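Colleague: Supplied in structure tokens, the structure appears directly below.
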Amino acid sequence: MAAVLLALGVPLAISVAAAQQQTVVVDRIDDTARFAALAQFVTDRPTGSRVKDMPADERRETLQRELESYYDVYGIRAGVFYRNDVPMANAPADWYLPETGEVRDAFAEALLSRRSHDPQQVWPWQRNRLVVASPVIRDGDVVAVVVTDSPTGHMRSQTLHGWIVIGAGEIAAMLLAVGAALRLTGWVLRPVRVLDAVTHRIATGSLKSRVAVAGGPPELRRLARSFNEMADNVEDVLEQQRAFVADASHQLRNPLSALLLRIELLALELPEDNEEIASVRTEGKRLAEVLDDLLDLALAEHAEADLALTDIGALTAERVAAWSPLAEAKGVQLVGDCPATTAWADPVTLSSALDAVIDNAVKFTPEDERVRVSVASNGETSTVVVTDGGPGLTDEELVRIGDRFWRSGRHQNIKGSGLGLSISRVLLAAGGGTISYDHHEPHGLKVTVRVPRSGPAS
Amino acid sequence: MRLLLVEDDNHVAAALSAVLARHGFDVTHARSGEEALQALVPEGNGFGVVLLDLGLPDQDGYEVCGKIRKRTSTPVIMVTARADVRSRIHGLNLGADDYVVKPYDTGELLARIHAVSRRTFHEDSAEAGENALLLGSLRIELSTRQVLVDGSVVQLTRKEFDLLALLAQRPGVVFRREQIISEVWRTSWEGTGRTLEVHVASLRAKLRMPALIETVRGVGYRLVAPTS
Chain L
74 MAAVLLALGV PLAISVAAAQ QQTVVVDRID DTARFAALAQ FVTDRPTGSR
124 VKDMPADERR ETLQRELESY YDVYGIRAGV FYRNDVPMAN APADWYLPET
174 GEVRDAFAEA LLSRRSHDPQ QVWPWQRNRL VVASPVIRDG DVVAVVVTDS
224 PTGHMRSQTL HGWIVIGAGE IAAMLLAVGA ALRLTGWVLR PVRVLDAVTH
274 RIATGSLKSR VAVAGGPPEL RRLARSFNEM ADNVEDVLEQ QRAFVADASH
324 QLRNPLSALL LRIELLALEL PEDNEEIASV RTEGKRLAEV LDDLLDLALA
374 EHAEADLALT DIGALTAERV AAWSPLAEAK GVQLVGDCPA TTAWADPVTL
424 SSALDAVIDN AVKFTPEDER VRVSVASNGE TSTVVVTDGG PGLTDEELVR
474 IGDRFWRSGR HQNIKGSGLG LSISRVLLAA GGGTISYDHH EPHGLKVTVR
524 VPRSGPAS
Chain P
442 MRLLLVEDDN HVAAALSAVL ARHGFDVTHA RSGEEALQAL VPEGNGFGVV
492 LLDLGLPDQD GYEVCGKIRK RTSTPVIMVT ARADVRSRIH GLNLGADDYV
542 VKPYDTGELL ARIHAVSRRT FHEDSAEAGE NALLLGSLRI ELSTRQVLVD
592 GSVVQLTRKE FDLLALLAQR PGVVFRREQI ISEVWRTSWE GTGRTLEVHV
642 ASLRAKLRMP ALIETVRGVG YRLVAPTS
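First to last, the protein sequences are chains L and P.
Heads up, the first sequence is in our numbering, so the first residue is 74 and it goes up one at a time.
Heads up, the second sequence is in our numbering, so the first residue is 442 and it goes up one at a time.
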């Protein structure tokens, strides 16, 4: 746009300057023609005719007076010069033809009986003067030349004025164009921004968000409708998936029940105190537990966190107290450092997550080693760190932990389905929290649960 | 004791019926809510307990529960999934007496069956004004804690009497060992197993009715009602 305006404005400016100059030049030409006419009758005639001398001198005087008043009024130097540079009349009186320069050139041209060519364009930043010369012709011969040398101040200021008007016009046009462009892009971009915001909300878990189809070009309105359709489908698919897991877990209940009951019947046939039967019963129960955990996970993934300002120090202390008897029975030291700390979390899901983590820590820590639970906060987040004195995990294992059903190969034999930490991760994520794992020196695992300190700024 | 099992899955029903039969229960299987309601006509139709699975095909389990409650006072135990606290509360509100989680833990199921039927037993006997059990030539006076065989008193220790009275509450029903120990010895300590055997042997000897108390191998004991 700016380029176009520039491209159009420059010739316009030039033509304004040219027009101004042209006016002046035309004026001068008129003037020089008039003076030429006057001068035509003022020529040196061979002496001898007294009668004609007097009028010639009078005319010359007239011409001189004309030139002088011309000079006084307009400040334009003017002079009529013979072929030999001698002035017939000139104003100001001390103005003579210079040896070189524009004036001389114009004079020379005029001598060739041509009106001088149009002087070069004088720009507002130049201080040149305009020279126009006309020949004085008598009987077909050039006898003298009228030369005018005009100041260009006025002309230049007029040009400048014209240019300023053009400039102002262009700027106004630019502003208008920019304003219109902003409105247009705003009209197009606003729906895009809305779409972006809703996409982000869906991606972070509020599956129900939709775009209001309003405003913007028809293509974007169509896009918004398509987006809503897609979001509906995504929500449906996720819901189906969750329902499938819940359903499958449910469906497995009956076959599992029948199986366990048949095992009971078998047990009645065998001699009492048969050890295999006890093991079989245990396996059956384990299977039932996995089913239940699966169902929990399906429900957790569906869960919407019920967030509130909570004192996680007190909450953690309570969990530590709940696990203390078990830890004591096992000979494990369970130590808690839980100052009052606020956080934005769902107390139920945080309790569940902490239970899973502390259970894990106590389970894997041998006798006389310690499990330590500390609560702290820094800036934006509050943390609960649980460290244990167990065998810990290798670097590769650290990456995999938290995957569903994953258990380290070295720890397959310890009771539990492996779903607990995975469920915790999902539950925490629903509330904007995270759980991460690291080595604990000299040996053991360090689990860090992070929750935001405060709710979203509303 | 007669049990009505309301369960739509045939495999589960067959397996559960078999286990319950081994424990001395007489199980009738209804495959749907409708069948169940018909079986309970008239007035409970002599069933001691109804086992109701909530996942029925034709009617909402809760509806069936409500309807059963309207027709009869037979105790109802509903069967739910573990995590389903709301279902349980709802069912209990609608008139179920207790709940059991699927997959079944046999010991727990039997304990609950006994628990709900104990109430009605006491109600029935209170209503009837009975405080004596008559089983052929055996007479058990609950209020005086006296046992008579063919009219003559038999001296029993405290525990022996409690044991006999417990078994006599439900003739034919197998009482699991741990349940007997819980109720008679008031402990869950497993070490009392041999004590139980000793007491049973002693009872058999004193009553001179060796066929009265039957040993159900791997499970417990039951009282066989004399046919005379």
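Where a beta carbon is used, it is the ideal one built from N, C-alpha and C, also for glycine.
What you are looking at is a predicted structure, and each value in this text was computed from that prediction instead of being measured.
Taking the alpha-carbon of Asp366 (chain L) as reference, which of L:Thr355, L:Ala319 and L:Gln324 has the nearest alpha-carbon?
Modeller: L:Ala319
Colleague: Does the beta-carbon of Thr221 (chain L) have 16 or more other beta-carbons within 10 angstroms, so that it is buried, or is it exposed?
Modeller: buried
Colleague: Check each candidate in P:Val641, P:Leu648 and P:Gly507 and name the one with the smallest Cα separation from Glu655 (chain P).
Modeller: When the alpha-carbon of Glu655 (chain P) is set against those of P:Val641, P:Leu648 and P:Gly507, the nearest one is in P:Val641.
Colleague: From the DSSP secondary-structure annotation, give me the bridge partner or partners of Thr221 (chain L).
Modeller: L:Ala151 and L:Val205
Colleague: Who are the neighbours of Pro544 (chain P) on chain L, taking C-beta pairs under 7 Å?
Modeller: Arg326, Leu329, Ser330, Leu333 and Ala361
Colleague: Do you know whose CA, among L:Ile350, L:Pro165, L:Ala371 and L:Leu296, lies nearest Ala321 (chain L)'s CA?
Modeller: L:Ala371
Colleague: Taking Cβ positions only, does Ala321 (chain L) come closer than 8 Å to chain P?
Modeller: no
Colleague: Ser623 (chain P): which of P:Gln596, P:Leu607, P:Ile581 and P:Gly613 sits nearest, CA to CA?
Modeller: P:Leu607
Colleague: For Ser514 (chain P), which of helix, strand or coil comes out of DSSP?
Modeller: coil
Colleague: Could you list which residues in chain P have their beta carbon closer than 7 Å to that of Ala400 (chain L), in chain order?
Modeller: Within chain P, no residue comes near Ala400 (chain L); the closest Cβ sits about 25 Å away, beyond 7 Å.
Colleague: Curious, which full-length alpha helix (DSSP H) runs of at least 4 residues does the stretch 466-510 of chain P contain?
Modeller: Secondary structure remark: continuous alpha helix (DSSP H) runs of at least 4 residues inside the stretch 466-510 of chain P, in chain order: 474-480.
Colleague: Report yes or no: do three or more beta-carbon pairs, one from the stretch 259-276 of chain L and one from the stretch 233-246 of chain L, lie closer than 8 Å?
Modeller: no
Colleague: Along the stretch 448-462 of chain P, what residues have a CB closer than 8 Å to any CB found in chain L?
Modeller: Asp450, His452, Val453, Ala455, Ala456, Leu457, Ala459 and Val460
Colleague: Would you say Leu500 (chain L) lies against chain P (beta-carbon separation less than 8 Å)?
Modeller: no
Colleague: With burial defined as no fewer than 16 other Cβ atoms inside 10 Å of the residue's Cβ, what is the status of Trp260 (chain L): buried or exposed?
Modeller: Trp260 (chain L) should be labelled exposed.
Colleague: Would you call the stretch 185-203 of chain L and the stretch 87-94 of chain L in contact, with 3 or more CB pairs under 8 Å?
Modeller: The stretch 185-203 of chain L makes contact with the stretch 87-94 of chain L: 3 or more CB pairs, one atom from each, lie closer than 8 Å.
Colleague: Where does Glu312 (chain L) fall in DSSP's three states?
Modeller: helix
Colleague: Counting only Cβ-Cβ distances shorter than 9 Å, please list the residues of the stretch 583-615 of chain P near chain L, keeping chain order.
Modeller: none
Colleague: Tell me, please, whether the CB atom of Ala351 (chain L) is closer than 8 Å to any CB atom in chain P?
Modeller: Not one beta carbon of chain P lies nearer than 8 Å to the beta carbon of Ala351 (chain L).
Colleague: Taking a contact to mean a Cβ-Cβ separation below 8 Å, would you say Val592 (chain L) touches Arg294 (chain L) in this structure?
Modeller: Since the first residue shown for chain L is 74 and the last is 531, residue 592 (chain L) is missing from the structure and cannot be characterised.
Colleague: Strictly below 7 Å CB to CB, what residues from chain L border Gly661 (chain P)?
Modeller: Residues of chain L passing the Cβ test: none, with the nearest at roughly 11 Å.
Colleague: The beta strand (DSSP E) spanning Arg512 (chain L) covers which residue range?
Modeller: Looking at the sequence provided, one finds His at residue 512 (chain L) rather than Arg. Annotation for His512 (chain L): the continuous beta strand (DSSP E) segment containing it runs Thr507 to His512.
Colleague: Does the separation of the CB atoms of Val215 (chain L) and Leu184 (chain L) fall below 8 Å?
Modeller: Less than 8 Å separates the beta-carbon of Val215 (chain L) from that of Leu184 (chain L).
Colleague: Leaving out the 5 sequence neighbours to the left and right, which residues in its chain are closer than 6 Å to His513 (chain L) when beta-carbon positions are compared?
Modeller: Thr460 and Lys519
Colleague: With 16 as the cutoff for other CB atoms within 10 Å, does Trp198 (chain L) come out buried or exposed?
Modeller: exposed
Colleague: Here's the rule: buried if 16 or more other CB atoms are within 10 angstroms of the residue's CB, otherwise exposed. What is Val83 (chain L)?
Modeller: exposed
Colleague: Taking C-alpha atoms, which residue in L:Arg498, L:Gly504 and L:Met228 lies nearest to Pro420 (chain L)?
Modeller: L:Gly504
Colleague: Just the chain P side, please: which residues come within less than 8 Å of Glu337 (chain L) by C-beta, in chain order?
Modeller: Val460 and Thr547
Colleague: Quick one: which chain P residues come within Cβ less than 7 Å of Phe423 (chain L)?
Modeller: Note on residue identity: the sequence assigns Leu, not Phe, to residue 423 (chain L). Under the 7 Å cutoff, chain P gives no residues; its nearest Cβ is about 19 Å from Leu423 (chain L).
Colleague: Is Thr120 (chain L) buried or exposed, if buried means 16 or more other CB atoms sit within 10 Å of its CB?
Modeller: Low confidence applies to Thr120 (chain L): its pLDDT is 48, below 50, so where it sits in the model is not reliable enough to give any reading.
Colleague: Ends of the alpha helix (DSSP H) at Trp396 (chain L)?
Modeller: Judged by DSSP secondary structure, Trp396 (chain L) falls within the alpha helix (DSSP H) whose first and last residues are Ile385 to Lys403.
Colleague: Tell me the DSSP bridge mates of Arg610 (chain P)?
Modeller: The identity of residue 610 (chain P) in the sequence shown is Gln, whereas the question assumes Arg. Beta-bridge pairing links Gln610 (chain P) to no other residue.
Colleague: Quick one: using the 10 Å Cβ neighbour count with 16 as the cut-off for buried, is Leu653 (chain P) buried or exposed?
Modeller: With 16 or more Cβ atoms within 10 Å of its Cβ, Leu653 (chain P) is classed as buried.
Colleague: Does Leu341 (chain L) get closer than 8 Å to chain P when you measure Cβ to Cβ?
Modeller: yes
Colleague: Just list the residues that DSSP pairs Phe437 (chain L) with in beta bridges.
Modeller: Bridge partners of Phe437 (chain L) according to DSSP: none are assigned.
Colleague: Locate the alpha helix (DSSP H) running through Leu111 (chain L), then write down its first and last residues.
Modeller: Ala75 to Gln113
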